[in-house]
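Order-wise, the sequence lines are chains E, C and S.
Each residue of the first sequence is one higher than the last, beginning at 1 in this note's numbering.
Each residue of the second sequence is one higher than the last, beginning at 1 in this note's numbering.
Each residue of the third sequence is one higher than the last, beginning at 1 in this note's numbering.
Glycine included, every Cβ here is placed at the ideal spot set by N, Cα and C.
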Amino acid sequence: MSENLQQRLFAELDQLVLIDPHTHINPHRPASETLADILGYHYYTELSHSAGLSRALIEAPNLAPKEKVGRLVEALGHIDNTAQLSWLLEAASKLFGIDLERLDASNWEQLYDAAQAKFSAPNWEQEVLQLSKLEAVFLTNDFDDPLAGFDTQRYVPCLRTDELVFHFSKATVRQRLMQCAGVELRTLEDVGQAITQRFEHFTAHGVRACAISLPPFFKPTCVSQVAAQQAFERVLREGEAASADDKQTLGYWVFWQLAKNCVTFSLPFDLMIGVNRAVYPGGVFQGQDLYDSRVSLIQYAELFNAFPEVTFPISVLASVTNQELVSYAWIFPNVVCNGHWWYSNTPSFISRDLHARLEAVPRNKIIGYYSDMYKLEFALPKFAMFKRCLANVLASHFVIGMGWSESRALELGRQVLRGNVESIFYR
Amino acid sequence: MSENLQQRLFAELDQLVLIDPHTHINPHRPASETLADILGYHYYTELSHSAGLSRALIEAPNLAPKEKVGRLVEALGHIDNTAQLSWLLEAASKLFGIDLERLDASNWEQLYDAAQAKFSAPNWEQEVLQLSKLEAVFLTNDFDDPLAGFDTQRYVPCLRTDELVFHFSKATVRQRLMQCAGVELRTLEDVGQAITQRFEHFTAHGVRACAISLPPFFKPTCVSQVAAQQAFERVLREGEAASADDKQTLGYWVFWQLAKNCVTFSLPFDLMIGVNRAVYPGGVFQGQDLYDSRVSLIQYAELFNAFPEVTFPISVLASVTNQELVSYAWIFPNVVCNGHWWYSNTPSFISRDLHARLEAVPRNKIIGYYSDMYKLEFALPKFAMFKRCLANVLASHFVIGMGWSESRALELGRQVLRGNVESIFYR
Amino acid sequence: MSENLQQRLFAELDQLVLIDPHTHINPHRPASETLADILGYHYYTELSHSAGLSRALIEAPNLAPKEKVGRLVEALGHIDNTAQLSWLLEAASKLFGIDLERLDASNWEQLYDAAQAKFSAPNWEQEVLQLSKLEAVFLTNDFDDPLAGFDTQRYVPCLRTDELVFHFSKATVRQRLMQCAGVELRTLEDVGQAITQRFEHFTAHGVRACAISLPPFFKPTCVSQVAAQQAFERVLREGEAASADDKQTLGYWVFWQLAKNCVTFSLPFDLMIGVNRAVYPGGVFQGQDLYDSRVSLIQYAELFNAFPEVTFPISVLASVTNQELVSYAWIFPNVVCNGHWWYSNTPSFISRDLHARLEAVPRNKIIGYYSDMYKLEFALPKFAMFKRCLANVLASHFVIGMGWSESRALELGRQVLRGNVESIFYR
């Protein structure tokens, strides 16, 4: 009975038209062009590599898409237990019409060709959006993105700011900022103006969020103007050779400016907390980052206190930080739970973390899910995975445990899946 | 079948008469006087505030109780998913006879009036104790509480010692200690005597525990008499302006004295580990504290080793510390698991933490639950929440998983709910 | 239905013949000789001690086995809720033919005698291996173990290296190394040679793994030869009085040599991460170690990067580190999940940790379980506990959740239980 209940709830939730509030979609090429775009997703390359496939084989230069898929398929038998591979099989079934129990040497070409027929159809982008019930998709835009040549209602700009905070000592980053903002960077004031100019540019193109990913040791603080000025001068002189202290001081100052601009421009500031970059430099492309789970939201207490007007949708990388996120969202009006990120984006962690959020955080402060996808074809299976977890928590905790009606549970589910995306990012 | 089993176990556990081993009840006004005492519980003010209600609205001076409730009700729609709000609805049903699916503008006055009729009855205090099956309620008493004017069998004194350890540099704290203990505080020996005098006073009034809440960075150690003496002298001279080091040295010394007195007076020492105070100074009353979950019980290893005669009932604030608590209680004879505290007091954390305790800690070392309540009306719904979690673990792990009979599982449940409170606090 | 499904899966998994990839079996006396060998297992002595039994009573010198069992039985009523005690009752039933609901004063002698009859039979060792479906059992051998006088196919040598890394400053350790390796230890090169000689000796006797347990603060790094040489000279001069820094430098150097030898000799290097030794010096024998759960696998990033040819089967002590293990095994080809260690070896932690592994780590990189036993009689009940958890995850996540056939789920279960032990340790 509980399984039927869960399926009924899933079926209802699955009717909802969605806004995906965080992706890495390229709005100029949003859909896949060959199956290599799908199997080349870092989840498959890194898991296959981890299972024993040589990096040289899958990252060979000029590898033809079909050849690349063929090589990756060799390793899939080792990862067919993973939730990540199940996304691919669900996409194959729901988007390409190919039902497979396993993907292997015997059937991958069949899938390859069926998918290619879809990709080659003139309106595949529309079709996959429709099949996936996607109304809008948030992007991850470099600060110097011109944001031109696409429909910003459908592909919604978000200002990604990692480079400004963590790589300001690189001449190329400063050069790009000067160029796009049309401001020389001689003083700290110039930097402030350039950043503000970027917010103006993004605002003019319908930006819905400022966003950044942060390492576990990040502990932002309000740096004095004098300290920031001195650090800025040394970073300007010494570039990447500047001291770690100077880079950090300047980074904290830039971060604080971003938050100030979020006030001015009424933007939520997405914080994705906890990733260490390039922990495994020998890993495949985008498969080198890991983390130190010893991080605390108390590192952000000064920020949350300093900017009560800014909403901070927070993603945490490791499930051990989820209870802190629940507690901070329960206390701070400007802290909001945001999705299930990366290494926490598998069913057991989602179910556990979601349960803790839904039982203790105000319902208007929980953004259920974002796909984090690079290609449109992943929204459907990733959201489906989340909706199954959501249906499970709604069934077991709310309907069975709390005696709620199914319609009341679905109301909560819809708010978490869609309503809060609107109320938080579209006000 | 499993749901029926769980309900049968709950129904049996629900018959038990309880002793609540930690509350903040004021024995002179134990029951609520208006519904504002219920809705004014920090869980509702902080969640409503977090959901968007202005602090000024609910903390306005001279706000009439009914007006306050009316304002809070506005925000309850945003928190009706929370376990915390479910306590209120369960209290409304079981104590005030009002069954509501939701509490909103349409029905709150009905509840207000029904509750008022109860509160105004001459014997409401007795009635709520009886309805809640409460035999005794442990208090949280300031060190200078006269402990007079109430039945200490029913309202059981516990010596709360946060101020002595963390605020000894405040002149008012020292003044109060001198006054109540009748001892001048000129030397460290004087402080020791004053503390011991307080234990004598509390013992004379039936104290059952010494208790303290501790920040995550607390790492108590046995400070030398010389170091403590020097710190004491500087704290005496400089007051709150004394260095953090001196305050800490003196705090550790005072803490050690408390433990010594627990030996002398055969008292358990409740440690509530992990809270950072005033992380969100802009929060509502009692809704400003949060935590850094990076804490370890190894910080208390020296203490546990130094005082084998003292039982330490331990509460941990975050569920990530629960496994350490399980392991330390499994190894140290004087470490006992105590309840599910504050941010870990919601069903998913309770169930998970309780399961881990019940499968690995000796059964005589698990104190199931305390309500932590400020008003008597919360014991019933909070204990009911716990008993549902307990019934769930007993059903799934012990009856179904281990093949235990229901009566054997209930025996364990009763020990955890009541038996261990007696054996640990009343020996 | 789900319970029946789980039982069917368990029954199938229970047919499998096993290799136990980590134990503390003494190959010269692998089976118990009296019930005191069983009840003397540290799990029972430490839990009984924690529950109130005096250490003096159970560690009295010259205590007769039967007397010791009688004393321990006194305390078992306090720990009959624990998973640990359930191992004993399952062994009693499956190995000794005695079915008991509880073990107490009324029936322990019956069990004692029945067990004794088994132990005294000439072929008990064979019988227990057969009843437990054990084909081979990995050992934990001191570096100077002669590895003679037993069948190394059945009792498989593993080189345990804690002493070399952590106690090299002890004259006795150096003495033993010189003696067994036949090398004077005058220079660092001598130490390197002695270590390599030990790998040669172990390899000649069929070693299958190098292994070590590590404290939470261990953060191995490649120490320069100069720094190591200086530290070595001072440690040689000052012995245990050498500075903590010198001991650590030398320890890291030795650790790095071990990893290098694992390359040379193609051995997996088992890392058991997170234990603090002697946290409770007043505890019973082997019941004094605990942990600080604030540890991260990022401490091993340099190691994993430096030795891509070495497979590192990793055990983590606390469940809070499990997600890091999952993520690191998902990214690093040479990181493998290994079993459920010690304080995480109870059903709720196993089920949770295993679920997270099975849904996100390549299936060829998960070593399901090892018993960690000191006496053969514990393999059966400990593996049975694990197999129940495994059947549970296979049933709920794979068969019900993912729609897998039972046979496909069993294939995964068998790979995790047995297949990966072969492919990782026997290549």
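- Boundaries around C/N338 are those of the beta strand (DSSP E), V335 to N338, since no alpha helix (DSSP H) includes it.
- Counting only runs that start and end inside the stretch 264-332 of chain C, the alpha helix (DSSP H) elements of at least 4 residues fall at 301-306 and 322-331.
- Of all C-beta pairs linking the stretch 264-272 of chain E to the stretch 251-262 of chain C, fewer than three are shorter than 8 Å, placing the two stretches out of contact.
- Closest option to C/E240, judged by alpha-carbon separation, among C/N420, C/S169 and C/M402: C/S169.
- The closest CA to that of C/V156, considering only C/A136, C/Q175, C/P146 and C/Y343, is found on C/A136.
- In this structure C/F285 is exposed. Its beta-carbon is surrounded by fewer than 16 other beta-carbon atoms within 10 angstroms.
- The C-alpha of S/E127 lies about 22 Å from the C-alpha of S/E109.
- When only Cα atoms are considered, S/V326 and S/T82 end up about 27 Å apart.
- Using a Cβ-Cβ cut-off of 9 Å, E/Y252 does not count as an interface residue toward chain C, since no Cβ of chain C sits closer than that to its own.
- Its Cα nearest to that of S/P146, the residue S/L177 stands out among S/F10, S/V165 and S/L177.
- A distance below 8 Å between beta-carbons, with the five flanking residues on each side excluded, links S/I212 to the following residues of its chain, in chain order: R160, T161, D162, V165, F255, L258, F269, D270, L271 and M272.
- The C-alpha of C/H355 is placed about 39 Å away from the C-alpha of C/D144.
- By the criterion of a C-beta distance shorter than 7 Å, E/I424 is surrounded in its chain by P268, T311, P313, V336 and I367, once the five residues flanking it on both sides are discounted.
- Using a CB distance below 9 Å, the part of the stretch 78-96 of chain S facing chain C consists of H78, I79, D80, N81, T82, A83, Q84 and S86, ordered along the chain.
- The beta carbon of E/F349 sits closer than 9 Å to some beta carbon of chain S.
- Secondary structure at C/A75: helix, using DSSP grouped into helix, strand and coil.
- If you compare the alpha carbons of C/Y112, C/Q197, C/F232 and C/D104 with that of C/G182, the shortest gap goes to C/Q197.
- Close CB contacts of C/Y280 within its chain, under the 6 Å cut and outside five residues either way in sequence, are with Q288 (chain order).
- The criterion of a C-beta distance shorter than 9 Å is satisfied by C/A51 and E/P333.
- About 7 Å separates the Cβ atoms of S/A209 and S/F138, confirming a contact at the 8 Å cut-off.
- When Cβ pairs closer than 8 Å are counted between the two stretches, the stretch 88-99 of chain S is seen not to touch the stretch 54-68 of chain S, the count staying below three.
- Closer than 9 Å to the CB of C/Y343 there is at least one CB belonging to chain E.
- Contact residues of the stretch 23-56 of chain C toward chain E are E46, L47, H49, S50, A51 and G52 (C-beta to C-beta distance below 7 Å).
- Per DSSP, the beta bridge partners of S/V156 are S/F138.
- Put simply, the CB of E/P381 is far from chain S, with every gap to its CB atoms at 9 Å or more.
- For E/V275, there are no neighbours in chain S by C-beta distance under 9 Å, as the nearest C-beta there is about 11 Å away.
- For S/L53, the CB contacts under 6 Å within the same chain, skipping 5 residues up- and downstream, are A75 in chain order.
- Around the CB of S/E46, 16 or more other CB atoms lie within 10 Å, so the residue is classed as buried.
- Checking the DSSP bridge columns, you'll see E/I19 partnered with E/A136.
- For C/P215, there are no C-beta contacts with chain E under 7 Å, since the nearest C-beta of that chain is about 11 Å from it.
- DSSP, reduced to helix, strand and coil, places S/S213 within a strand of the structure shown.
- At a cut-off of 9 Å, the C-beta of S/T346 has no neighbouring C-beta in chain E.
- Taking 7 Å as the Cβ-Cβ cut-off, the stretch 211-236 of chain C has no residue approaching chain S.
- Closest in C-alpha terms to E/E309, from the list E/V173, E/L236 and E/K260, comes E/K260.
- In summary, the residues of the stretch 292-323 of chain E whose CB is separated from some CB of chain S by less than 9 Å are D292, S293, R294, L317, A318, S319 and V320, in the order they occur in the chain.
- The closest CA to that of C/T221, considering only C/R29, C/Y300, C/L5 and C/R8, is found on C/Y300.
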